[in-house]
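These notes concern the structure reproduced below.
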Amino acid sequence: MPPLVEVRHLVKHFPRGGGLFRPKSVVRAVDDVSFDIEEGETFALVGESGSGKSTTGRCMLRLVEPTSGQVRFRGEDVLSFPGARLRAARREMQMVFQDPYSSLNPRMRAGAIVEEPLVIHRIGATRERRERVAELFRLVGLDPAHLDRYPHEFSGGQRQRIGLARALALSPSFIIADEPVSALDVSIQAQVINLLMDLQQQLRLTYLFVAHDLRLVRHISSRVAVMYLGRIVEMGATAQIFEDAHHPYTQALLSAVPVTDPDAPRARIELEPSSVDREAPLREIAAGHWVAT
Amino acid sequence: MSDVLLAVDGLTTAFDTRAGRLTAVQGVSFEIRRGETLGLVGESGSGKSVTAFSLIRLVQPPGRVTAGRVLFQGRDLASLSEDEMREVRGAGIGFVFQEPMAALNPVMRVGDHIAEALRVHGLGTRAEARARAIDLLRAVRIADAERRVDDYPHQLSGGMRQRVMIAIALACRPPLVIADEPTTALDVTVQAQILELLREMKREFGISLLLITHDLGVVAETADRVAIMYAGRIVEQGPVRDIFRRPAHPYTRGLLASIPGGVAGSRLHAIEGAVPNLASLPPGCSFAPRCLERMPVCAAAFPEVTLLGPERSVRCHLHAGPGSRFPDPDEVPA
Numbered sequence: 002m003p004p005l006v007e008v009r010h011l012v013k014h015f016p017r018g019g020g021l022f023r024p025k026s027v028v029r030a031v032d033d034v035s036f037d038i039e040e041g042e043t044f045a046l047v048g049e050s051g052s053g054k055s056t057t058g059r060c061m062l063r064l065v066e067p068t069s070g071q072v073r074f075r076g077e078d079v080l081s082f083p084g085a086r087l088r089a090a091r092r093e094m095q096m097v098f099q100d101p102y103s104s105l106n107p108r109m110r111a112g113a114i115v116e117e118p119l120v121i122h123r124i125g126a127t128r129e130r131r132e133r134v135a136e137l138f139r140l141v142g143l144d145p146a147h148l149d150r151y152p153h154e155f156s157g158g159q160r161q162r163i164g165l166a167r168a169l170a171l172s173p174s175f176i177i178a179d180e181p182v183s184a185l186d187v188s189i190q191a192q193v194i195n196l197l198m199d200l201q202q203q204l205r206l207t208y209l210f211v212a213h214d215l216r217l218v219r220h221i222s223s224r225v226a227v228m229y230l231g232r233i234v235e236m237g238a239t240a241q242i243f244e245d246a247h248h249p250y251t252q253a254l255l256s257a258v259p260v261t262d263p264d265a266p267r268a269r270i271e272l273e274p275s276s277v278d279r280e281a282p283l284r285e286i287a288a289g290h291w292v293a294t
Numbered sequence: 177m178s179d180v181l182l183a184v185d186g187l188t189t190a191f192d193t194r195a196g197r198l199t200a201v202q203g204v205s206f207e208i209r210r211g212e213t214l215g216l217v218g219e220s221g222s223g224k225s226v227t228a229f230s231l232i233r234l235v236q237p238p239g240r241v242t243a244g245r246v247l248f249q250g251r252d253l254a255s256l257s258e259d260e261m262r263e264v265r266g267a268g269i270g271f272v273f274q275e276p277m278a279a280l281n282p283v284m285r286v287g288d289h290i291a292e293a294l295r296v297h298g299l300g301t302r303a304e305a306r307a308r309a310i311d312l313l314r315a316v317r318i319a320d321a322e323r324r325v326d327d328y329p330h331q332l333s334g335g336m337r338q339r340v341m342i343a344i345a346l347a348c349r350p351p352l353v354i355a356d357e358p359t360t361a362l363d364v365t366v367q368a369q370i371l372e373l374l375r376e377m378k379r380e381f382g383i384s385l386l387l388i389t390h391d392l393g394v395v396a397e398t399a400d401r402v403a404i405m406y407a408g409r410i411v412e413q414g415p416v417r418d419i420f421r422r423p424a425h426p427y428t429r430g431l432l433a434s435i436p437g438g439v440a441g442s443r444l445h446a447i448e449g450a451v452p453n454l455a456s457l458p459p460g461c462s463f464a465p466r467c468l469e470r471m472p473v474c475a476a477a478f479p480e481v482t483l484l485g486p487e488r489s490v491r492c493h494l495h496a497g498p499g500s501r502f503p504d505p506d507e508v509p510a
């Protein structure tokens, strides 16, 4: 069976500058990125700010139009879809955003926020939609009695559940979660992560998890791709990345994660930027373990 | 002079709002000794930042300190005039904020920020201040300090700006620096560098540090002692190593257990429920509604401080009185 999602040579350039005395240039936010996501797995894109991990996710749903490349979903090239076909495809591919404070319309009631995708896609009669929304509320652990509340009446964790219920409204098979818990308090993060893992089992979801928290990524992902300056520098099974990192950037990134054991030995590895060959292609050093050196 | 640099006793800060009085900080007591780092840990709304602002008398109305005492180098800060207090800020207590871009003036050069800090406190002429600024930028490991001193904040990366903030905080050689989430806005590799720098500055300048953070990993790497705040109160404090090994309060245990680790793909230990709203705190212990070990007494009264050892204290009915139950290391959830 082919992978659920195939990304090939994805490129996104943002134009920059072009001021009076400055020549135009481009930022290569995503620079020839390729990977596959298998059905049912959690694939993580990790990296620091500016690495291009969020832009990659957005390009895949065409929330940002990529400059070039291919994104195939169930074998079909999403980037070549015309408008109507793209809208249909979006029923299958949904996004959960980082900030539960700015990603929900403050003037809409929670129930209407979750219902909106059904209205846009003209699914069900009013009563059926109401029932579906209540069902979605229960699915994500919200009380359907709170359907008529506004987003500000919910806590951050509950708001993220509303965002998740909305993403699930059209019964997608693939969800891109862009830093879904990084704006939440520590004690709430675990609740939302547990919910994401439960839903994955229950609904057979496939996740692309865009994140910078490596402790979390290690816990929930089956495979990981590490991005640095717009490129994937290392990719493999979670254990390969965390226990056998080969790329100097991956090693530096892993060594920087604070450890919650005060007695743990600390060995920081500093990245020498000149040691990274930006043009090096990914090569397979073990089954499924790719490194750009 | 005593070993204790800062002694906070019963600090209480309230905000009078239309919704009624919100007590953001309630009866907070702790000490910071010379050369020591105290980590103040809490989630959003726990009152950790309000505590810091209360210490240096910078709580904005409608907030005000309603009770408690802050002794810094033996002086009661509440008794100082506004001029004397200004002298304490900067020369006595330096400050590093979370968002360096918001704390720096975008139209002032880096060196002028440091020079201003020095000159406000009457330390040196313009030329001396510039030379000292370059020294300080070198001290916080900024390469090419002679050139960087003339840069504007926007020309620096996030990590560099935070280094500049630290240089400003250290400019007048204060014995205490308060760092409020100094690495939260930074990438993890930059965070590691800034934490390393703070440790080095502690050694080189002999400062004490009050480190405010929500990240227990940052505390484990940086602090000597830790105080855990929940809904405006310190619920547990003690040496970092001891607390991480034998957390006594159910909230501390829950926080430590909710950090991802353990068996990949397994369910994480979550603390159910949400941080309570300060306007509608439950009667009794604020954590009780989320606590897996709550007892009838927990809803009746907020627990008093119980000493668990010379350095350790906790506010929890599980530990109050003779039936106190101190968990063995084996009992602590992994």
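Just so you know, the sequences run in chain order W and Y.
Take the position in the first sequence, starting the count at 1, then add 1; the result is the number in my numbering.
Take the position in the second sequence, starting the count at 1, then add 176; the result is the number in my numbering.
Virtual Cβ for every residue (Gly too), placed ideally from N, Cα, C.
Residue-chain proximity (residue i, chain Y), Cβ-Cβ < 9 Å
i                      : result
residue 14 of chain W  : no
residue 242 of chain W : no
residue 239 of chain W : yes
residue 276 of chain W : no
residue 262 of chain W : yes
residue 198 of chain W : yes
residue 259 of chain W : yes
residue 158 of chain W : yes
residue 119 of chain W : no
residue 17 of chain W  : no
residue 100 of chain W : no
residue 194 of chain W : yes
residue 187 of chain W : yes
residue 81 of chain W  : no
Below-9 Å beta-carbon distance, residue i vs any chain W residue
i                      : result
residue 191 of chain Y : no
residue 441 of chain Y : yes
residue 367 of chain Y : yes
residue 137 of chain Y : Because chain Y here runs from 177 to 510, residue 137 of chain Y falls outside it and cannot be looked at.
residue 438 of chain Y : yes
residue 447 of chain Y : yes
residue 435 of chain Y : yes
residue 373 of chain Y : no
residue 185 of chain Y : no
residue 323 of chain Y : no
residue 444 of chain Y : yes
residue 432 of chain Y : yes
Cβ neighbours of residue i in the same chain (closer than 6 Å, five flanking residues each side left out)
i                      : result
residue 247 of chain W : 292
residue 506 of chain Y : Low confidence applies here, because residue 506 of chain Y scores a pLDDT of 49, under 50, leaving its location unreliable; read the following figure in that light. Cβ within range, chain order: n/a, list empty.
residue 134 of chain W : 112, 115 and 116
residue 215 of chain W : 258
residue 241 of chain Y : 189 and 230
Beta-carbon proximity list for residue i, same chain, < 8 Å, skipping 5 on both sides
i                      : result
residue 341 of chain Y : 272, 273, 276, 279, 280 and 358
residue 310 of chain Y : 287, 321, 322 and 325
residue 186 of chain Y : 203, 204, 205, 243, 244 and 245
residue 87 of chain W  : 63 and 79
residue 177 of chain Y : For residue 177 of chain Y, the pLDDT reaches just 46, beneath the cut-off of 50, and the residue's location in the model is therefore unreliable, although a value from the coordinates is still provided. Once the five neighbours on either side are set aside, the close Cβ partners of residue 177 of chain Y are 249 and 250.
Residue i - DSSP class collapsed to helix/strand/coil
i                      : result
residue 297 of chain Y : coil
residue 23 of chain W  : coil
residue 471 of chain Y : coil
residue 237 of chain Y : coil
residue 245 of chain W : coil
residue 207 of chain Y : strand
residue 349 of chain Y : coil
residue 109 of chain W : coil
residue 412 of chain Y : strand
Expected contact under 8 Å - CB spacing of residue i and residue j to nearest Å
i                      : j                      : result
residue 491 of chain Y : residue 409 of chain Y : 7 Å
residue 471 of chain Y : residue 495 of chain Y : Residue 471 of chain Y to residue 495 of chain Y, Cβ: 12 Å. No contact.
residue 175 of chain W : residue 94 of chain W  : 5 Å
residue 256 of chain W : residue 268 of chain W : 6 Å
residue 142 of chain W : residue 101 of chain W : Wrong, their Cβ atoms sit about 14 Å apart, outside the cutoff.
residue 430 of chain Y : residue 188 of chain W : 6 Å
Beta-carbon proximity list for residue i, same chain, < 7 Å, skipping 5 on both sides
i                      : result
residue 457 of chain Y : 407
residue 314 of chain Y : 321
### Query
Quick one, which residues of the region 454-475 of chain Y are near chain W if we go by CB-CB under 9 Å, in chain order?
466
### Message
Against chain Y, which members of the region 30-50 of chain W pass a CB distance test of less than 7 Å?
### Response
49 and 50
### Message
Give me the subset of the region 203-230 of chain W whose CB atoms are less than 9 Å from a CB atom of chain Y, sorted by chain position.
### Response
213, 214, 215, 216, 217, 218, 219, 220, 221, 222 and 223
### Query
Can you list, in chain order, the residues of the region 389-415 of chain Y whose Cβ is nearer than 7 Å to any Cβ on chain W?
390, 391, 392, 393, 394, 396 and 397
### Task
Select from the region 219-230 of chain Y all residues with a C-beta closer than 7 Å to any C-beta belonging to chain W, and list them in chain order.
219 and 220
### Query
When Cβ atoms are compared, which residues of the region 118-146 of chain W fall closer than 8 Å to chain Y?
none
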